[in-house]
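Here the sequence shown stands for residues -20 to -1, 1 to 147, numbered as in mature numbering (1 follows the signal peptide of the UniProt record, and there is no 0).
Here the structure is laid out as structure tokens; the discussion comes afterwards.
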Amino acid sequence: MRKFALLFVLPALVAGCANVGLRDLQSNSKGPDEFGIEPVASLQAPASYSELPTPTPGGANLASRSALAEGTQAFGGTVSDPNGPIPASDGALVQHASRLGVSAGIRETLAQTDADFRRRKARLTQFRIVPVDRYNQAYRREALDARAEQNRWRNAGARTPSAPPAN
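In structure tokens:
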């Protein structure tokens, strides 16, 4: 009987130690969730600690990748000083990317909106006996139905790539 009970209790205990990462809507971390998915270079000791630049809040560090430079390169732009003027060769790229307008402070606005959304969804879900993954429940209405979207575009006459069969 004890072995039989152990077969059911042990997997439940191990599953409770799972890494929920970005799916945890009630994050206890003070840092942003982006660190859970951002690929960064490995840390290395500098040749001389006295020659390191002075840290600046919000500034880049030696191990961080530059998302702005990588995005510019991915779209065929010229990688240059991110704080400098936009090269003339990239004018068409910038104009096309900003044709519908550019929102200043979009990250802060989106972070606040998402925090408010999660707070509203988590009002009555604070009390539970076992950890529950509330991610799908909270964001159910935000998810896209890939099959319906594909059919909508096909019905509109647009060419769409094939999709894997539905499960």
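For glycine and all other residues, C-beta sits at the position ideal for the given N, C-alpha and C.
All of these numbers come straight from a predicted model, not from anything done at the bench.
- Taking 8 Å as the cut-off, the beta carbon of Leu73 is found closer than this to the beta carbon of Phe55.
- Note that the C-beta distance between Val59 and Ala49 is below 8 Å.
- Fewer than three beta-carbon pairs drawn from the stretch 61 to 69 and the stretch 78 to 90 are found closer than 8 Å, and the two stretches are therefore not classed as touching.
- Judged by DSSP in its simplified three-state form, Asp94 adopts helix.
- Between the alpha carbons of Glu88 and Ser22 lies a gap of roughly 28 Å.
- Contact check for Ala95 against Arg114 fails: the beta carbons are separated by 8 Å or more.
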